[in-house]
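Worksheet: one structure, shown below.
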Ligand SMILES: [Zn+2]
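Numbering (this note's numbering), first residue to last: 75 to 355.
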């Protein structure tokens, strides 16, 4: 099972503290606490460890004040196109001395947590595919079925604003995705048809209803690149709904799916934004 659109929400801190003291020509670093992950802390700033590329410098701020001692505070945040971000902040307290130095330094590196490199690459690839389909929807017909499942995973994750699991290869009775928006996830079947005039037949619906029945879960979605669902398909769903035999059920033909796919904002979620508000508070 893989999860998309979740990387980069979590983060961890590495801290480095030290004091500088001494005469101008003999300044010593004392009382220091080295970061737990030394290599991680001193890794090149503004450089994505996954893409091996420079990241965008998305935020920078600094402020200083004198309250008996000189105070200086600064933060820099970088973000990569793949979604990875990290930040460096420092706080310095320094006595105002002319011929010597006496200062305290607190440095913090805040790194986003990546579930796996594979997830990073996958998310990047899916976003590129979504972007291609947003520009030319006919490209969806030639996307590999597995990739179309991943696209649907990403789109539904954005649409329902929750985690969506890709059940993947297990072919769990035709269930491809689980939309985890409550204790009872919505079961999703994804059909990638190659022809723009395809019609999704009643047999697709019957098979999927069977899989739902086995799971005792009556929340479902079928999404297809077909132009429409057949009349008997629509009728059977309408009948079951009217008899309260389905809790939630939606059919997404290609146009309906495109309308939510086109609304997906591929720009960053700015998972680091909390740092900016922390900094300004
Ligand atoms: Zn990157």
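Glycine included, every Cβ here is placed at the ideal spot set by N, Cα and C. Keep in mind that this is a model prediction, so the values were computed, not measured.
Taking residue 186 as part of the beta strand (DSSP E), name the residues at either end of that continuous run.
Within the chain shown, residue 186 is the residue found at index 112, counting from 1. That run of the beta strand (DSSP E) goes 174 to 186.
Within 8 Å, do at least three Cβ pairs link the stretch 116 to 135 to the stretch 144 to 164?
In short, these stretches touch, since the Cβ pair count reaches three.
Cutting at 6 Å between CB atoms, please list the residues of its own chain near residue 208, excluding the five before and the five after it.
For the purposes of this step, residue 208 is identified with residue 134 of the chain shown, where counting begins at 1. Cβ within range, chain order: 336.
When you compare only the Cα positions, how much space is there between residue 199 and residue 234?
Taking the chain shown and counting its residues from 1, the one referred to as residue 199 is at position 125. Taking the chain shown and counting its residues from 1, the one referred to as residue 234 is at position 160. Near 21 Å, if we compare the C-alpha coordinates of residue 234 and residue 199.
Less than 7 Å between the CB of residue 154 and some heavy atom of ligand 1, yes or no?
Here residue 154 refers to the residue found at position 80 when the chain shown is read from its first residue. Yes, Cβ of residue 154 sits closer than 7 Å to a heavy atom of ligand 1.
At a cut-off of 7 Å, is residue 345 close to ligand 1 when judged by its beta-carbon and the heavy atoms of the ligand?
Stepping through the chain shown from its first residue, residue 345 is reached at position 271. Every heavy atom of ligand 1 is 7 Å or more from the Cβ of residue 345, so no.
With C-beta atoms as the reference, is residue 91 less than 8 Å away from residue 180?
Against the chain shown, residue 91 aligns to sequence position 17. Against the chain shown, residue 180 aligns to sequence position 106. Contact: yes.
Can you give the Cα-Cα distance for residue 192 and residue 125, rounded to whole angstroms?
Within the chain shown, residue 192 is the residue found at index 118, counting from 1. Within the chain shown, residue 125 is the residue found at index 51, counting from 1. Rounded to the nearest angstrom, the two C-alpha atoms are 12 Å apart.
Could you spell out where the beta strand (DSSP E) holding residue 240 opens and where it closes?
The residue you call residue 240 lines up with position 166 of the chain shown. Residue 240 -> beta strand (DSSP E) spans 237 to 240.
In whole angstroms, what separates the C-alpha of residue 301 from that of residue 349?
Translated into positions along the chain shown, residue 301 becomes position 227. Translated into positions along the chain shown, residue 349 becomes position 275. Each residue's Cα considered, the two are about 45 Å apart.
Roughly how many whole angstroms lie between the Cα atoms of residue 103 and residue 167?
Residue mapping note: residue 103 aligns to position 29 of the chain shown, counting from 1. Residue mapping note: residue 167 aligns to position 93 of the chain shown, counting from 1. Roughly 14 Å separates the two Cα atoms.
Between the alpha carbons of residue 324 and residue 219, how many angstroms are there, rounded?
As a position in the chain shown, residue 324 is number 250, starting the count at 1. As a position in the chain shown, residue 219 is number 145, starting the count at 1. Residue 324 and residue 219: Cα-Cα distance of roughly 20 Å.
Going by beta carbon distance, what residues of the same chain come within less than 8 Å of residue 339, once the five residues before and after it are set aside?
Translated into positions along the chain shown, residue 339 becomes position 265. Excluding sequence neighbours, residue 339 sits near 232.
Can you give the Cα-Cα distance for residue 142 and residue 171, rounded to whole angstroms?
To locate residue 142, count along the chain shown from 1; it is residue 68. To locate residue 171, count along the chain shown from 1; it is residue 97. Cα to Cα, the separation comes out at about 12 Å.
Would residue 188 and residue 334 be called neighbours here (beta carbons separated by less than 8 Å)?
Locating residue 188 in the chain shown gives position 114, where the first residue counts as 1. Locating residue 334 in the chain shown gives position 260, where the first residue counts as 1. No, Cβ-Cβ distance for residue 188 and residue 334 is not below 8 Å.
Under 8 Å, do residue 249 and residue 226 count as touching if we go by C-beta distance?
Counting from one through the chain shown, the residue named residue 249 turns up at place 175. Counting from one through the chain shown, the residue named residue 226 turns up at place 152. Result no, Cβ atoms of residue 249 and residue 226 do not sit closer than 8 Å.
For residue 157, is the classification buried or exposed, using 16 other Cβ atoms within 10 angstroms of its Cβ as the cut-off for buried?
Position 83 of the chain shown holds residue 157. Result: buried.
State the DSSP-derived secondary structure class of residue 158, mapped to helix, strand or coil.
Within the chain shown, numbered from 1, the residue matching residue 158 stands at position 84. Here residue 158 sits in coil by DSSP.
Looking at C-alpha atoms only, which residue of 290, 178, 280, 288 is the closest neighbour of residue 309?
Within the chain shown, numbered from 1, the residue matching residue 309 stands at position 235. Looking at the Cα atoms, 280 is the closest of the given residues.
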